[in-house]
Amino acid sequence: MAGYRFLISLLVTLACLTSAAAQSPDSKTSASAGCPDEASLTTHARSALVKAQQLMEGQKNALALEVLTAFVREYPDETHAYVAFTLAGLNLEQGRLAEALQQYEKTLELCPAYAPAWQNLAKVCFDLKKYRRAGDALEKTWVLTGRNNHVLQSQAAAAYLSAGMSKNALPILESLCSGRAGVPQDDWVKLFAQVCIELKRPKPALTAVERLLNTHRPAPFLFRMAAALYLEVPDYRKAAQNLEAYSLMTDLTRDEQKLLADLYANIGIPARAAGKYEKLIETAPEESLWERLASCWLEACEYDRAFDAAQKGLASYPDSAVLWRIKGWVLYEKQDFRPGAMAFGKAFALNRKDINSLFLHGLCACRAGDQDTARKALELAAGYHQYKAKALALIQKMGDGNI
1166 MAGYRFLISL LVTLACLTSA AAQSPDSKTS ASAGCPDEAS LTTHARSALV
1216 KAQQLMEGQK NALALEVLTA FVREYPDETH AYVAFTLAGL NLEQGRLAEA
1266 LQQYEKTLEL CPAYAPAWQN LAKVCFDLKK YRRAGDALEK TWVLTGRNNH
1316 VLQSQAAAAY LSAGMSKNAL PILESLCSGR AGVPQDDWVK LFAQVCIELK
1366 RPKPALTAVE RLLNTHRPAP FLFRMAAALY LEVPDYRKAA QNLEAYSLMT
1416 DLTRDEQKLL ADLYANIGIP ARAAGKYEKL IETAPEESLW ERLASCWLEA
1466 CEYDRAFDAA QKGLASYPDS AVLWRIKGWV LYEKQDFRPG AMAFGKAFAL
1516 NRKDINSLFL HGLCACRAGD QDTARKALEL AAGYHQYKAK ALALIQKMGD
1566 GNI
C-alpha cells in the first residue's frame, strides 16, 4: 500500500463543495439527474430553504444549519432531497463529517439518481477513511454523469487502492489505459503498472505500455514501466533493453544501474554487465559489486581482468569467500595450482558450506604435488555425497602414484 500513496495523492482531487453547490441545489441539475424538482417541496420545506438561503447569502451558515435542523425536527415527514442535500453541505462546511454523511445518505435514499450527492458522499467517505464506500460512490457518479468524466474513474480506483482492494481498481485502470478514454494520463499508467505487478498480472499493463511506446515520441517513464513489467513476466532480455533505452533519456538511480548490470549478467552478457559494475564501483566500491565484477569477467573468460578485480576487492574485503573462490578459479585456469590451492582453501575456510571450493582446494594441491594437503581436503570432501566419487578417485590415483 505504501508504494501507492504518492500516486494516489495525485489522483484523489475530489471536488470540494462550494457554498452554492452544497447549499442551493440547481433545479436543472436535479431534474436531469431524475430527482424531484422544486414543485415537490412542501410550503414548510420551501420556507425553511428560502430562510436558510438568505442566511447563507449573509455568510451566516451556522444559523442556516440551525434553521434546517429545526425544520427536520419539527416536520420529519416533509423532508426533501434538497433539504437533506443542503443540510449535508452545511454540516460538511462546519467539519461535521458524520452528520454530513448521514444527510448525503438521506439525500440518496430520497433521490438515488442525484449525481452531486453521490460525488459529495464520496468526498466525505474519503475524509472518513471509508475508502470502499468512496470508491463505490465515485463509480456511481461516473455512471450517472454519462461515463465521460474519466477523472472520476481514476478517483474511484484510488479509493479502492486506499481500501486495499487492488482487484477492484484493476479493471478501472485497465479501462483508463486502454485508449478508449483517450490518451491516458501518466499517473494512470504508473498506477496500472504498479497494481498489475502487485497482483502478479503484468500482461494487461504491458499491453497498454507497449501500445504507448509505439506512439510518436513516447514518454521516457514508459520504458521504465516496461522494464519493471518485463521483470515480472519474466523476460529479462526485454527488461534490460527497455531499461537501457530509459538510461539514454535520463540518468538512472544507483539501484537502477545495479538492476541493469544484474540483468546483463543474468541474460549472459557478462562483459557488458562488468562495465556497468565498474562504473558503480567508481562511486561506491561495495563488496558485492567487486564480487559481481570479478564473477562477470571470469564468466567472460577475461581471466586477467577477473584476477585484477578479485585482487582489488580483496584488498578492501579480505574476508570475501566469493572473491577468494574467483581468484582460485583464475589460478586454476592458468594452471598455477599452488596459489590456486591456497585461494580455494581460504574460500572454504570463510564459507564452510562451499564444498566445491573444498574439493578444488584438494584438486589444486594434488596437481601442485602437495599430497598431504590434497589428501586431507579430499577425504573431507568425500564425506559429501555429490563429491564422494570424484574425491575418492583422486585419492586412489595419488595412492597408486598416477598423479
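Under this note's numbering, think of the first position of the sequence shown as 1166, with each following residue one higher. A virtual CB, placed ideally from N, CA and C, is assigned to each residue, including glycine. In this text the structure is predicted, and so the values were computed from the model without any measurement.
Counting the other CB atoms within 10 Å of its CB gives Cys1466 a total below 16, which places it among the exposed residues. Per DSSP, reduced to three states, the secondary structure at Tyr1325 is helical.
Just so you know, the alpha carbons of Tyr1482 and Arg1490 end up roughly 13 angstroms apart. Considered as a whole, the segment 1440-1480 harbours 1452-1464 as its complete alpha helix (DSSP H) runs of no fewer than 4 residues, in chain order. If you check the CB distance, Ala1471 and Trp1462 come in under 8 angstroms. Bounds of any alpha helix (DSSP H) do not take in Gln1259, whose DSSP letter is neither H nor E. Assigned with DSSP and collapsed to three states, Cys1529 falls in helix.
Looking from the CA of Ala1558, the closest CA among Leu1528, Ala1436, Tyr1411 and Ala1227 belongs to Leu1528. The beta carbons of Lys1216 and Ala1249 sit no closer together than 8 angstroms.
Taken through DSSP and simplified to helix, strand or coil, Gln1224 comes out as coil. When Gln1551, Leu1523 and Lys1553 are compared, the shortest CA-CA separation from Ala1539 is found for Leu1523.
Excluding sequence positions up to five before and after Asn1407, its CB lies within less than 6 angstroms of the CB of Phe1388, Ala1391 and Ala1392, all in the same chain and listed in chain order.
Considered as a whole, the segment 1264-1320 harbours 1280-1292 and 1296-1309 as its complete alpha helix (DSSP H) runs of no fewer than 4 residues, in chain order.
For the 8 angstroms CB-CB criterion, Gly1433 and Glu1456 do not form a contact. Excluding residues up to 5 positions away in sequence, Gln1422, Leu1425, Ala1426 and Tyr1429 lie with their Cβ nearer than 7 angstroms to the Cβ of Lys1441 in the same chain. Taking each of Leu1545, Asp1352 and Leu1286 in turn and checking the Cα distance to Ala1253, the smallest one comes out for Leu1286. By the Cβ criterion, the segment 1352-1368 is in contact with the segment 1323-1335, since at least three pairs of Cβ atoms, one from each stretch, lie closer than 8 angstroms.
The residue from Val1348, Leu1262, Leu1364 and Ala1404 with its alpha-carbon nearest to that of Thr1380 is Val1348. Within a 10 Å sphere around the beta-carbon of Ser1212 sit fewer than 16 other beta-carbons, which makes this residue exposed.
Taking C-alpha positions only, Phe1386 is separated from Tyr1411 by approximately 7 angstroms. Following the DSSP letters along the chain, one finds Ala1346 in no alpha helix (DSSP H), marked with neither H nor E.
Under the three-state reduction of DSSP output, Pro1399 falls in the coil class, being neither helix nor strand.
In the structure shown, His1209 adopts helical secondary structure according to DSSP, grouped into three states. Rounded to the nearest angstrom, the gap between the Cα atoms of Ala1480 and Leu1488 is 10 angstroms. Lys1518 carries a coil assignment under DSSP once its states are collapsed to helix, strand and coil.
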